[in-house]
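Note that full-length UniProt numbering has the sequence shown beginning at 1, numbered continuously upward.
Just so it is clear, CB atoms sit at the ideal spot from N, CA and C, and this is done for glycine as well.
The next block holds one structure in the form of structure tokens; read it before the comments.
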Amino acid sequence: MKATATKKKVSYAKWGYLFILPFFLVFLVFQLVPLVSTFYYSFFEYYRDGLTVVGPNFVGLKNYQELLSADLPKYIGNTIIMWLIGFIPQIIVSLVLAAWFTDVRLRIKGKTFFKVVIYLPNLIMASAFAMLFFALFSVNGPVNGLLKSLGVIHTPIRFLSSVAGTRGLVGLMNFLMWFGNTTILLMAAVMGISPSMFEAAELDGADHRQTFFKITLPLIRPILVYVLITSMIGGMQMFDIPQILTNGKGSPNRTATTVIMYLNNHLYSKNYGAAGAISVVLFIICAILCVGVYFTLNQEDEKKKHHHKKGGK
1 MKATATKKKV SYAKWGYLFI LPFFLVFLVF QLVPLVSTFY YSFFEYYRDG
51 LTVVGPNFVG LKNYQELLSA DLPKYIGNTI IMWLIGFIPQ IIVSLVLAAW
101 FTDVRLRIKG KTFFKVVIYL PNLIMASAFA MLFFALFSVN GPVNGLLKSL
151 GVIHTPIRFL SSVAGTRGLV GLMNFLMWFG NTTILLMAAV MGISPSMFEA
201 AELDGADHRQ TFFKITLPLI RPILVYVLIT SMIGGMQMFD IPQILTNGKG
251 SPNRTATTVI MYLNNHLYSK NYGAAGAISV VLFIICAILC VGVYFTLNQE
301 DEKKKHHHKK GGK
């Protein structure tokens, strides 16, 4: 009798599940359970009044109704405005720098040095950045001193006493902190484009502007969507810079108070029901904005593909 060797099948799937198990355990304990708990308590009256804990008492949508009829819409508007003030120049400057640094025809020297320099502000803690700007733009700070010595102003400008000044400083700090990171991402996206595309455009006589708008910008759209969505989520979670710059008051007249600052006030006062409702509202807003941006850009791509197919027939 011939001995027939039977090959034992080895299943590698179980090892894959074993390797990803720690991630799911951490996600379950530190993210999913708190998320469900926050959503649950948002329907309850649950706060501390002195030494007395009130609740949890089920109140349905009362927390949401009170928040939406109070100042929450105003704080959502503040957050979006300050995010836009920083994001619009950030994406414009990052696109220009990415196009310059990746254009072989410009032959810019010291690219590595410039990459390091523009990325450095991203490594500074937001709290340190806010304290620095608080000192620079105070009434007796270096900026006012420089402007007075140049004869530009005669009396110090109270930057943090005006709505435009406070929001502008918050937007400026967000721009300076994040434009380097965005530039690096966009440069990576541009360098992922086949060089033959640019060579063909150059042979056809396309200039820099035509190459950028007709080739570069459409081909880096996936990274642009990623940058927009992540920046939007980060903007809606803006907290540390306006908190430190305005000493937690959101002055003047709470025009620099963000949604997370409002949430922090409720957590500080131990009003867990209202804090949970604010968190849920913020989650829904971020989800709607991100899904809207994603599907809008995808629909534009689908329309272009459909148009090209029809044109090819």
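Give the single residue among the options whose Cα lies nearest to the Cα of residue i.
i: Glu199; options: Val59, Met187 and Phe212; result: Phe212
i: Leu172; options: Asp71, Ser69 and Met82; result: Met82
i: Met236; options: Asn174, Asp204 and Thr216; result: Asn174
i: Thr38; options: Leu289, Asn298 and Ile278; result: Ile278
i: Ala188; options: Val33, Leu147, Arg221 and Phe43; result: Arg221
i: Pro89; options: Tyr47, Thr257, Ser231 and Gly151; result: Ser231
i: Pro73; options: Ile285, Val33 and Val163; result: Ile285
i: Cys290; options: Thr257, Tyr268, Val227 and Gly250; result: Val227
i: Gly165; options: Thr112, Gly110 and Gly250; result: Gly250
Run through the DSSP bridge pairs and tell me what residue i is partnered with.
i: Tyr46; result: None; Tyr46 has no bridge partner.
i: Val54; result: Tyr47
Whole angstroms is fine: what's the gap from residue i's alpha carbon to residue j's?
i: Leu224; j: Val280; result: 27 Å
i: Ala274; j: Tyr64; result: 8 Å
i: Glu66; j: Ile76; result: 15 Å
i: Asp71; j: Leu97; result: 39 Å
i: Val53; j: Asn78; result: 32 Å
i: Ala287; j: Pro156; result: 43 Å
i: Asn264; j: Pro56; result: 20 Å
i: Ala5; j: Phe19; result: Model confidence at Ala5 stands at a pLDDT of 49, short of 50, so the residue's coordinates are unreliable and nothing is read from them.
i: Gly292; j: Pro252; result: 33 Å
i: Asn104; j: Ile229; result: One detail in the question is off: residue 104 reads as Val in this sequence, not Asn. Near 30 Å, if we compare the C-alpha coordinates of Ile229 and Val104.
i: His266; j: Leu160; result: 25 Å
i: Gly276; j: Gly248; result: 20 Å
i: Thr183; j: Leu95; result: 7 Å
i: Pro218; j: Met238; result: 30 Å
i: Ile108; j: Arg209; result: 18 Å
i: Gly86; j: Ala13; result: 46 Å
i: Tyr294; j: Ser149; result: 50 Å
i: Thr257; j: Leu147; result: 29 Å
i: Leu25; j: Tyr17; result: 12 Å
i: Ser69; j: Leu61; result: 12 Å
i: Pro22; j: Val163; result: 47 Å
i: Ala206; j: Trp100; result: 16 Å
i: Thr27; j: His154; result: It should be noted that the sequence gives Phe, not Thr, for residue 27. Taking the straight line from one Cα to the other gives about 57 Å.
i: Ile91; j: Leu51; result: 49 Å
i: Ala201; j: Ile193; result: 13 Å
i: Gly151; j: Leu186; result: 41 Å
Report, in whole angstroms, the separation of the C-beta atoms of residue i and residue j, which I expect to be a contact under 8 Å.
i: Tyr41; j: Tyr262; result: 17 Å between Cβ atoms; not a contact.
i: Val36; j: Glu45; result: Incorrect: roughly 19 Å between the Cβ atoms, too far for contact.
i: Arg167; j: Thr255; result: 7 Å
i: Glu180; j: Ile233; result: The sequence as given places Gly at residue 180; Glu does not occur at that position. Not confirmed; about 19 Å, so no contact.
i: Lys270; j: Tyr47; result: 6 Å
i: Thr102; j: Met197; result: About 12 Å; that fails the 8 Å criterion.
i: Thr169; j: Phe133; result: Looking at the sequence shown, residue 169 is not Thr but Leu. The Cβ separation is near 6 Å, so the contact holds.
Leaving aside the five residues before and after residue i along the sequence, list all residues of the same chain whose C-beta is less than 7 Å from its C-beta, in chain order.
i: Ser127; result: Asp240 and Ile244
i: Ala135; result: Gly141
i: Ala130; result: Met173, Asp240, Ile241, Ile244 and Leu245
i: Val93; result: Phe179
i: Pro121; result: Leu176, Met177 and Gly180
i: Leu282; result: Met236 and Val259
i: Leu32; result: none
i: Val139; result: Pro156 and Arg158
Would the beta-carbon of residue i be found less than 6 Å away from any heavy atom of the ligand FAD?
i: Tyr40; result: Absent from the structure shown: the ligand FAD. Ligands present: none.
Take residue i and list the residues in its own chain whose beta-carbon comes closer than 6 Å to its own, dropping the five residues that flank it on each side.
i: Lys2; result: Caution is warranted here: a pLDDT of 46 is assigned to Lys2, below 50, making its placement in the model unreliable, and the coordinate value is therefore given only provisionally. Excluding residues within five positions, none has a Cβ falling inside 6 Å.
i: Val143; result: Leu136 and Phe137
i: Phe114; result: none
i: Ile124; result: none
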